[in-house]
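Residue numbers (the UniProt record's numbering): 1 to 300. What follows is a single structure, written as structure tokens, with notes after it.
Printed below as a string of structure tokens:
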């Protein structure tokens, strides 16, 4: 993978939960205090008391709280968590370090070492931020990726169990819960396509064109229609047709398996080697839709 692609790959915006993020920020701030206490590299290490170190931990807490919780509310488009990438994470992390270094230097000048040259305080404070930040940022990054990975794996495992239950319930209920009928799709050029709805695998869109893929007793078929995915979705209008990506619509019954990793989910299509991506904006929606379908079929 090229560097540009790697930098633009998905990355979690911290824990995507304000309460959890506050706890996370608190632990990071306490780690800063612990690091300053144990790893004595300060340019004024002989005069910094434990209280001073807690003061720097407090600066870290305030800066991270503002950057992670307040800024996204002030600038929601710039901090769109569904579009967060490694590049944005790196830039925000560098911004954390710059602000913490500047704020620490100012506090030192105003309250701790008023007689020291301000530039010396700036250099020393930023040196401490860099030394502390290397380990702190590494731990933060590994923790965040591991947290998302565990969540996605857990959700994918649960969704796979529910998919198995849906297929089992469908076999018991031969009516197929509304799927057992023919469907005719219409394009903008008046071209039509008719097929048995349960045979639908997925629809892939490219701008104003959509490729319908289905499989029957004669094999797999593809048909290109001049119609966007929104039009296809409205024409199908079936609970089992899930929009999992801006370019894909998938039949739930065609999903053989759901895999999850730190970047999201992928849907393996039944009896094929085709894997359909799930966008981050749709990940939670797809998992919840499968859960609701299972519950609806149980109650039917």
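Cβ coordinates follow ideal geometry from the N, Cα and C atoms, glycine included.
Cutoff 6 Å; reference residue i; Cβ partners in own chain excluding five residues on either side
{"i": "residue 279", "result": "245"}
{"i": "residue 200", "result": "214, 251"}
{"i": "residue 203", "result": "210, 212, 232, 249"}
{"i": "residue 12", "result": "144, 148"}
Residue i versus residue j: straight-line alpha-carbon distance, rounded
{"i": "residue 145", "j": "residue 126", "result": "27 Å"}
{"i": "residue 143", "j": "residue 68", "result": "16 Å"}
{"i": "residue 120", "j": "residue 100", "result": "16 Å"}
{"i": "residue 298", "j": "residue 289", "result": "14 Å"}
{"i": "residue 165", "j": "residue 227", "result": "34 Å"}
{"i": "residue 185", "j": "residue 235", "result": "7 Å"}
{"i": "residue 9", "j": "residue 237", "result": "32 Å"}
{"i": "residue 190", "j": "residue 222", "result": "18 Å"}
{"i": "residue 152", "j": "residue 284", "result": "10 Å"}
{"i": "residue 80", "j": "residue 58", "result": "27 Å"}
{"i": "residue 198", "j": "residue 73", "result": "44 Å"}
{"i": "residue 315", "j": "residue 102", "result": "Because residue 315 is not part of the residues shown, which for the chain are 1 to 300, the question remains open."}
Buried versus exposed call for residue i [16 or more other C-beta atoms within 10 Å across all chains shown]
{"i": "residue 34", "result": "exposed"}
{"i": "residue 89", "result": "buried"}
{"i": "residue 51", "result": "exposed"}
{"i": "residue 178", "result": "For residue 178, the pLDDT reaches just 46, beneath the cut-off of 50, and the residue's location in the model is therefore unreliable, leaving the point undetermined."}
{"i": "residue 258", "result": "buried"}
{"i": "residue 265", "result": "buried"}
{"i": "residue 192", "result": "exposed"}
{"i": "residue 219", "result": "exposed"}
{"i": "residue 157", "result": "exposed"}
{"i": "residue 108", "result": "buried"}
{"i": "residue 104", "result": "buried"}
DSSP beta-bridge partners of residue i
{"i": "residue 266", "result": "259, 277"}
{"i": "residue 10", "result": "85"}
Residue-chain proximity (residue i, chain D), Cβ-Cβ < 8 Å
{"i": "residue 12", "result": "You won't find chain D in this structure, because it holds only one protein chain."}
Proximal residues to residue i (C-beta, below 7 Å), its chain only, five neighbours per side dropped
{"i": "residue 252", "result": "166, 240, 242, 290, 293"}
Proximity test, residue i beta-carbon vs the ligand SAM heavy atom, cut-off 7 Å
{"i": "residue 51", "result": "This structure simply doesn't include the ligand SAM, nor any ligand for that matter."}
8 Å Cβ shell around residue i - same chain, five flanking residues per side excluded
{"i": "residue 65", "result": "22, 25"}
{"i": "residue 175", "result": "Caution applies to residue 175, whose pLDDT of 48 falls short of 50 and renders its modelled position unreliable; the value that the coordinates give is listed next. Taken in chain order, the list of residues that qualify is empty."}
Beta strand (DSSP E) runs wholly inside the stretch 169 to 257, at least 3 long, in chain order: 182 to 186, 192 to 196, 200 to 206, 209 to 216, 219 to 225, 241 to 245, 248 to 251
Length at least 4, wholly inside the stretch 80 to 122: the alpha helix (DSSP H) runs in chain order: 86 to 107
Uninterrupted beta strand (DSSP E) stretches inside the stretch 121 to 163 (no shorter than 3 residues): none
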